[in-house]
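Input: a single structure, listed below in structure tokens.
There are 2 protein chains.
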Amino acid sequence: MVTIADVAQRAGVSVATVSRTLHGSAKVDPRTRARVLAAADELSYVASPTAMSLASGRTHVIAVVAPMMSRWFFASIVTAIEQNLRETGYHVMLFSLEAGPGAPGRFRPEFFAKRVDGILWLNVAVTPAEEALLAKLDLPMVCVGTQIGDSPTVLIDDHRAARTAVTHLLSLGHREIAYVGTPVGSIAHMTTPAARVAAFRETLVHAGVPVREGWVLAADWTADGAMEAVEPLLRSDRRPTAVLAASDEMAIGVLGAAARTGLRVPEDLSVMGIDDHSFAGALGLSTVHQDVPAQGRAAAQLLLAAVRNRDTRTPATRIELATHLIPRQTTAPPQAAG
Amino acid sequence: MVTIADVAQRAGVSVATVSRTLHGSAKVDPRTRARVLAAADELSYVASPTAMSLASGRTHVIAVVAPMMSRWFFASIVTAIEQNLRETGYHVMLFSLEAGPGAPGRFRPEFFAKRVDGILWLNVAVTPAEEALLAKLDLPMVCVGTQIGDSPTVLIDDHRAARTAVTHLLSLGHREIAYVGTPVGSIAHMTTPAARVAAFRETLVHAGVPVREGWVLAADWTADGAMEAVEPLLRSDRRPTAVLAASDEMAIGVLGAAARTGLRVPEDLSVMGIDDHSFAGALGLSTVHQDVPAQGRAAAQLLLAAVRNRDTRTPATRIELATHLIPRQTTAPPQAAG
DNA sequence: CTGAAAGCGCTTACAG
DNA sequence: CTGAAAGCGCTTACAG
Chain A
1 MVTIADVAQR AGVSVATVSR TLHGSAKVDP RTRARVLAAA DELSYVASPT AMSLASGRTH
61 VIAVVAPMMS RWFFASIVTA IEQNLRETGY HVMLFSLEAG PGAPGRFRPE FFAKRVDGIL
121 WLNVAVTPAE EALLAKLDLP MVCVGTQIGD SPTVLIDDHR AARTAVTHLL SLGHREIAYV
181 GTPVGSIAHM TTPAARVAAF RETLVHAGVP VREGWVLAAD WTADGAMEAV EPLLRSDRRP
241 TAVLAASDEM AIGVLGAAAR TGLRVPEDLS VMGIDDHSFA GALGLSTVHQ DVPAQGRAAA
301 QLLLAAVRNR DTRTPATRIE LATHLIPRQT TAPPQAAG
Chain B
1 MVTIADVAQR AGVSVATVSR TLHGSAKVDP RTRARVLAAA DELSYVASPT AMSLASGRTH
61 VIAVVAPMMS RWFFASIVTA IEQNLRETGY HVMLFSLEAG PGAPGRFRPE FFAKRVDGIL
121 WLNVAVTPAE EALLAKLDLP MVCVGTQIGD SPTVLIDDHR AARTAVTHLL SLGHREIAYV
181 GTPVGSIAHM TTPAARVAAF RETLVHAGVP VREGWVLAAD WTADGAMEAV EPLLRSDRRP
241 TAVLAASDEM AIGVLGAAAR TGLRVPEDLS VMGIDDHSFA GALGLSTVHQ DVPAQGRAAA
301 QLLLAAVRNR DTRTPATRIE LATHLIPRQT TAPPQAAG
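So, in structure tokens, the structure goes:
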């Protein structure tokens, strides 16, 4: 392996000078610099990241923590974050908290200690005890979706997004509206599911439409889960004229349930989602758009700023991105006979 | 920060002994061990990964390289890999090659040099020049989908998977079958797209069914891309009775094209995919199943074995996982009037 | 602008 | 079973 000493020897300078011309901010004589660069190039020198980290105290790696990787939101945002970080010379260490056989399903502070320069939390809810442990780490952190402590946060207004969706259905004339996506299980602590269902209830009440409790359904936020949750309702005597799913992935499940029960969409049933999943266009799904890559970029920039300033306690920042309605083909006025 | 010296002092032993009881394989007196463990625990000691790496030459991090993160296959397999690796004490450094504004769209050997213990390649095609650079890295590598050099590979038989799909359509009586998913652009070098379209052609020819070149369509392997590619064909006078999409994501686009052109599925058009995407069940999509998490686990295990043996040149291994037909509701015999 | 030297926090033969 | 010491490959004040 070629080390900094090899380069120094070839260039006829000290290792300190090599280090300075390659990474340091200090002044180096242009002719010296040229010799060093040439030597490094000839030897195909690549500095050892591990040695640089130990000596400098900075790893140039960022931890990205998500509750799972296999859902559209997370896959999309991780892509954007990775691109953004790589452009600035940082690497992404991925922590997917999905519980598996033997996998913890939770993070441990040792994952991060002395290993990363900062942490990006993607919609992960943290207990007070965990929060205390994280504080000891003394690392810059930025959150997306769910806030942790007083860390900067990037998010959309989930309450408003859900209200936009409900309002769309109301304005089409629907009064018999069901909802699927009440938080359960592993997502019970996340703020997005709670905010969206709260907005559903409030918006209906505000419009003078009573909320039928039997029509507010829990699901695990997968297509299959939503399909199972909704199908019985669609088969019952008294069924809704519209279903709002808390996510597009669940809306796809509702579409499946409609197909299984022989209901035409939107003639017999309007179906609406939230998110604007990449399949929403092809499926003609009416939804509320959120810009996920933009959230990833914003979060990456915020964290980078904190890392570079070596600020552990960055001033509280909150970046809220806009959402907007995208009506497509799965929503329509309820049939007169409905 | 608490270091190994702090633990040594508190336990009344040398740092060497602390190192040995915490990580080493050498024998340590049980009573000494207990004192060290207690001291480490009391101080909440976490060894510096960076110092361990520099001293030992092993980083315990694995590079996972994928052409993108935002597609179902990659998101699913990365989840499985991450779980598997974390269980064994390894970390995942993610390299998503998706080109962005400023992002290279390609990997560079410096990404990996002295930074990771091994590389997992997920369906990324590598040029001979790149392959030569990688060889110099002298790192254990394992591939999924597309082979690189003589590295061990985990894959499905894409040719067989596509043949299974075509055979299903033929057995239903279809003879007018279109195909979408000829490789273009960034996926032009990947073996999966090439293998699947080749199998489509060969299976038809073998069955005595002529291949209409105008019905073999290129697309970028997204739902929207496939929808755009297929819609004109569905609007033409002479249209197929069935469309095979090279992936379920594209099949969803075909479903969208059918909806836009007013064709009923499967009455007017059979639609078939390959992969068994997590939405396939809800959408009733007929497809050919592949077990993606199993591929991830197999690849992780293969790489781990190579890393632990410090084998750079592991004996060529090829693990081929089975696929099987899952007929659902989007395929049916062609209508008599078709 | 440049070099000598200490130091980052571990691991690992080498002795004992 | 345990300790002293060298070494991993850099960075960074400190002098000059």
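Taken in order, these protein sequences are the chains called A and B.
For the first sequence, the UniProt record's numbering begins at 1 and goes up steadily by one.
For the second sequence, the UniProt record's numbering begins at 1 and goes up steadily by one.
For every residue, glycine included, the Cβ atom is placed at its ideal position computed from N, Cα and C.
Which stretch, first to last residue, makes up the beta strand (DSSP E) that contains R318 of chain A?
Here the question's residue 318 of chain A lines up with position 318 in the first sequence. Run containing R318 of chain A: R318 to L321, per the beta strand (DSSP E) assignment.
Please classify E82 of chain A as buried or exposed, where buried requires at least 16 other C-beta atoms within 10 Å of its C-beta.
Numbered from 1 along the first sequence, position 82 holds the residue referred to as residue 82 of chain A. That one is buried.
For G338 of chain A, which of helix, strand or coil comes out of DSSP?
For the purposes of this step, residue 338 of chain A is identified with residue 338 of the first sequence, where counting begins at 1. For G338 of chain A, the predicted structure reports a pLDDT of 42, less than 50, and the residue's modelled location is therefore unreliable. A value from the coordinates is still provided. In this structure, G338 of chain A counts as coil in the three-state DSSP scheme.
Local conformation of L97 of chain B per DSSP, three classes
Walking along the second sequence from the start, residue 97 of chain B turns up at place 97. DSSP places L97 of chain B in coil when its eight states are reduced to three.
For A298 of chain B, which residues in the same chain have their Cβ closer than 6 angstroms to its Cβ, ignoring the five residues on either side in sequence?
As a working note, residue 298 of chain B is residue 298 in the second sequence. Only V154 and I319 meet the Cβ criterion.
If I'm right that D117 of chain A touches T59 of chain A with Cβ under 8 angstroms, what's the distance once you round it to whole angstroms?
Here residue 117 of chain A is taken as the residue at index 117 of the first sequence, counted from 1. Here residue 59 of chain A is taken as the residue at index 59 of the first sequence, counted from 1. That pair is a contact at about 5 angstroms.
Since T153 of chain B sits in a beta bridge, which residues does DSSP pair it with?
In the second sequence, residue 153 of chain B corresponds to position 153, counting from 1. Beta-bridge pairing links T153 of chain B to B:C143 and B:R318.
Any C-beta of chain A sitting closer than 7 angstroms to the C-beta of H91 of chain B?
For the purposes of this step, residue 91 of chain B is identified with residue 91 of the second sequence, where counting begins at 1. Closer than 7 angstroms to some Cβ of chain A, the Cβ of H91 of chain B qualifies, so yes.
CB contact check: S236 of chain B to chain A, cutoff 7 angstroms:
The sequence position of residue 236 of chain B within the second sequence is 236, counting from 1. Output row for S236 of chain B: interface = no.
Per the contact definition of three or more C-beta pairs closer than 8 angstroms, is the segment 211 to 222 of chain A in contact with the segment 250 to 266 of chain A?
yes
Is the CB-CB distance between T330 of chain B and V243 of chain B below 7 angstroms?
Counting from one through the second sequence, the residue named residue 330 of chain B turns up at place 330. Counting from one through the second sequence, the residue named residue 243 of chain B turns up at place 243. No, the pair does not count as a contact, with Cβ atoms beyond the cut-off.
Would a check of beta-carbon distances place G253 of chain B closer than 7 angstroms to chain A?
Along the second sequence, read from residue 1 onward, the residue named residue 253 of chain B stands at position 253. Yes - at least one Cβ of chain A is within 7 angstroms of the one on G253 of chain B.
Around the Cβ of S56 of chain A, are there at least 16 other Cβ atoms within 10 angstroms (buried) or fewer (exposed)?
Within the first sequence, the letter at position 56 stands for residue 56 of chain A. S56 of chain A comes out exposed.
For M227 of chain B, count the other beta carbons within 10 Å of its own beta carbon; 16 or more makes it buried, fewer makes it exposed. Which is it?
Position 227 of the second sequence, counted from the first residue, corresponds to residue 227 of chain B. That one is buried.
Can you give me, in chain order, the residues of the segment 264 to 290 of chain A that have a beta carbon less than 8 angstroms from any beta carbon in chain B?
S278, F279, G281, A282, L283 and G284
Can you give the Cα-Cα distance for L325 of chain A and A195 of chain A, rounded to whole angstroms?
Indexing the first sequence from 1 puts residue 325 of chain A at position 325. Indexing the first sequence from 1 puts residue 195 of chain A at position 195. Rounded to whole angstroms, L325 of chain A to A195 of chain A spans 18 angstroms at the Cα level.
Exposed or buried, what is N309 of chain A when buried is set at 16 or more other beta-carbons lying within 10 Å of its beta-carbon?
Counting from one through the first sequence, the residue named residue 309 of chain A turns up at place 309. When all chains shown are included, N309 of chain A counts as exposed.
Please give the ranges of any alpha helix (DSSP H) in the segment 172 to 256 of chain A, keeping only runs that are unbroken, at least 4 residues long and fully inside the region.
191 to 206 and 223 to 235
Which residues mark the beginning and the end of the alpha helix (DSSP H) in which A63 of chain B is found?
Here residue 63 of chain B is taken as the residue at index 63 of the second sequence, counted from 1. Counting along the chain, A63 of chain B falls outside any alpha helix (DSSP H), though it belongs to the beta strand (DSSP E) covering V61 to A66.
Take the Cβ of A337 of chain B as the centre, count every other Cβ of all protein chains shown within 10 Å, and call the residue buried at 16 or more, exposed below.
Within the second sequence, the letter at position 337 stands for residue 337 of chain B. Bear in mind that the predicted position of A337 of chain B carries a pLDDT of just 47, short of 50, making it too unreliable to give a figure here.
Which of the three DSSP states, helix, strand or coil, is assigned to Q329 of chain A?
For the purposes of this step, residue 329 of chain A is identified with residue 329 of the first sequence, where counting begins at 1. Reduced to three states, the DSSP call for Q329 of chain A is coil.
Please report the distance separating the alpha-carbon of A47 of chain B from that of T3 of chain A.
Walking along the second sequence from the start, residue 47 of chain B turns up at place 47. Walking along the first sequence from the start, residue 3 of chain A turns up at place 3. So the alpha carbons of these two residues sit roughly 25 angstroms apart.
For S96 of chain A, is the classification buried or exposed, using 16 other Cβ atoms within 10 angstroms of its Cβ as the cut-off for buried?
Indexing the first sequence from 1 puts residue 96 of chain A at position 96. It is buried - the Cβ of S96 of chain A has at least 16 other Cβ atoms within 10 Å.
Note down, in chain order, each residue of its chain lying with its Cβ closer than 7 angstroms to the Cβ of V211 of chain B, except the 5 sequence neighbours on either side.
The residue you call residue 211 of chain B lines up with position 211 of the second sequence. Counting only Cβ-Cβ distances below 7 angstroms, and skipping sequence neighbours, we find R201, L204 and V205.
When you compare the CB of L304 of chain B with every CB in chain A, is at least one pair closer than 7 angstroms?
Translated into positions along the second sequence, residue 304 of chain B becomes position 304. No - not a single Cβ of chain A is within 7 angstroms of the one on L304 of chain B.
Residue 341 of chain A (DSSP reduced to helix, strand or coil):
Nothing can be reported for residue 341 of chain A: it is not among the residues displayed for chain A, which extend from 1 to 338.
By DSSP, does G89 of chain A sit in helix, in strand, or in coil?
What you label residue 89 of chain A is simply residue 89 of the first sequence in a count that begins at 1. Of the three classes helix, strand and coil, the one that applies to G89 of chain A here is coil, per DSSP.
For P293 of chain B, would you say it is in contact with chain A, using Cβ-to-Cβ distances shorter than 7 angstroms as the test?
Here residue 293 of chain B refers to the residue found at position 293 of the second sequence. By this cut-off, P293 of chain B is not an interface position.
So A11 of chain A and V36 of chain A are supposed to be a Cβ contact under 8 angstroms. How far apart are they, rounded?
One-based indexing of the first sequence puts residue 11 of chain A at position 11. One-based indexing of the first sequence puts residue 36 of chain A at position 36. About 5 angstroms; that satisfies the 8 angstroms criterion.
Residue burial classification, H174 of chain B (beta-carbon count within 10 angstroms, cutoff 16):
Taking the second sequence and counting its residues from 1, the one referred to as residue 174 of chain B is at position 174. Buried.
Excluding the five sequence neighbours on either side, which residues of its own chain have a C-beta within less than 6 angstroms of the C-beta of H91 of chain B, listed in chain order?
On the second sequence, position 91 is the one that residue 91 of chain B refers to. Counting only Cβ-Cβ distances below 6 angstroms, and skipping sequence neighbours, we find V61.
Any idea which residues DSSP pairs V288 of chain A with across the strands?
What you label residue 288 of chain A is simply residue 288 of the first sequence in a count that begins at 1. Note: V288 of chain A sits in a beta bridge opposite A:L325.
Do you know whose CA, among A:A161, A:A165 and A:T191, lies nearest T323 of chain A's CA?
As a working note, residue 323 of chain A is residue 323 in the first sequence. T323 of chain A has its Cα closest to that of A:A161, out of A:A161, A:A165 and A:T191.
Chain-ordered residues of the segment 69 to 86 of chain A with a beta carbon less than 7 angstroms from chain B:
M69, S70, A75, S76, V78, T79, E82, Q83 and R86
For the segment 33 to 83 of chain B, which segments carrying the alpha helix (DSSP H) assignment without a break, of at least 4 residues, lie completely within its bounds, in sequence order?
49 to 56
Among the candidates B:V209, B:A80 and B:P293, whose CA atom is the shortest distance from the CA of E176 of chain B?
Here residue 176 of chain B refers to the residue found at position 176 of the second sequence. Selected option, being the one with the closest Cα: B:V209.
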